[in-house]
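This report refers to the structure that appears directly beneath it.
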Amino acid sequence: MKKTLTFIIALNLLGCSAVAINEEAKLVRIMDMEPAECVFLGEVDGSQGNWFTADMTRDRNILVGARNKIRNKAHALGANVVVIKKSVDNSNEGLHVFSDKDGLSLTSSKGTYSSTLIGEAFYCESTKL
């Protein structure tokens, strides 16, 4: 019983915070246009959130977590710039009860429940930014 309760508490705490950004990745810039004269290093993605932890996580943490994850991955490739090509934020209206042939069902997520970013990682000389 104690192990189960400890697991549930730990899961709730993990669901509440944004994915951490690595110290070095803080220097990775996120842009919406491809920078000139930079070297393309690869495609990167970042996401956070799901329907299970959504009610325990602030919308801002879901969005920032996805940004932090894409910056971490870009930095791991040696990039200092990420150009966002696609952004998908999933959300809904909150509690909804419905019935079907199997009985009553409940969805409980409110606001943003997941965020995914897809981008391209570049290395740019600092004078090119």
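Heads up: the sequence shown runs through residues -20 to -1, 1 to 109, numbered per mature numbering (1 follows the signal peptide of the UniProt record, and there is no 0). Glycine is no exception: its CB is placed at the ideal position from the N, C-alpha and C atoms. If you're wondering where the values come from, they're calculated on a predicted model, not measured in any experiment.
Could you tell me if residue i is buried or exposed, where buried requires 16 or more neighbouring beta carbons within 10 angstroms of its beta carbon?
i: residue 106; result: exposed
i: residue 100; result: buried
i: residue 66; result: exposed
i: residue 19; result: exposed
i: residue 59; result: buried
i: residue 16; result: exposed
i: residue -1; result: exposed
i: residue 8; result: buried
i: residue 2; result: exposed
Residues bridged to residue i by DSSP?
i: residue 66; result: 98
i: residue 61; result: 9 and 102
Excluding sequence positions up to five away, which residues of its chain have a Cβ less than 8 Å from the Cβ of residue i?
i: residue 41; result: -5, -4, -3 and 28
Once the 5 residues before and after residue i are set aside, which same chain residues still bring their CB inside 7 Å of it?
i: residue 46; result: 26, 27, 28, 95, 96 and 97
i: residue 103; result: 18, 19, 21, 58, 59 and 60
Going by DSSP, what residue range makes up the beta strand (DSSP E) through residue i?
i: residue 26; result: 19 to 28
i: residue 10; result: 9 to 11
Please work out which residues of its chain come closer than 6 Å, Cβ to Cβ, to residue i, disregarding the five sequence neighbours upstream and downstream, and give them in chain order.
i: residue 24; result: 50, 53, 54, 99 and 101
i: residue 44; result: -3
i: residue 110; result: Not covered by the structure: residue 110. The range shown for the chain is -20 to 109.
i: residue 63; result: 11, 14, 99 and 100
i: residue 5; result: 51, 52 and 55
Closest Cβ-Cβ distance between residue i and chain B: below 9 Å?
i: residue 99; result: You won't find chain B in this structure, because it holds only one protein chain.
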